[in-house]
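Residue numbers (the numbering used here): 5 to 154. Below is one structure, written out as structure tokens; comments come after it.
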């Protein structure tokens, strides 16, 4: 059964068309599909991305671990900044697109956000035998995404 996000009550007042997206209820559309597309391309659109998998990596070497499996050099990010990249498996095959955030200057705290159920598993496997703690907290952080050129 699909979970309701924290934003479901507000969205329910706007639409009756829903789908399951990664185990969460997500609106198929809120207004006209073309209108929504144009809003995101030309102005801005606000979307419920609660269903995206959120993973924190904490401990010595967290930044290096993320840099081994994500295609962006997270070490170049300032603390609090986010970059878009791709998560790859051990063969270099893309598993998911994602965002990563460097949470501190020392590189011991990194936040990952993606959509694939394998994401957490990949980080957990790479963290085995290290002091890095990998924590998935999707249900604990409702997530709105503002997208568009404005």
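The beta carbon of each residue, even a glycine, is placed where N, CA and C say it ideally should be.
Residue 47 and residue 105 have their C-alpha atoms spaced approximately 25 Å apart. As DSSP reads the structure, residue 23 sits in a beta bridge with 30. Nearest C-alpha to residue 54 among 134, 9, 69 and 33: 9.
Comparing alpha-carbon positions, the option among 62, 133 and 116 lying closest to residue 76 turns out to be 116. In the three-state scheme derived from DSSP, where H, G and I count as helix and E and B as strand, residue 103 is classed as strand. With respect to residue 51, residue 151 sits close: the two C-beta atoms are nearer than 8 Å. Put simply, the stretch 54 to 64 touches the stretch 112 to 128. At least three CB pairs are less than 8 Å apart.
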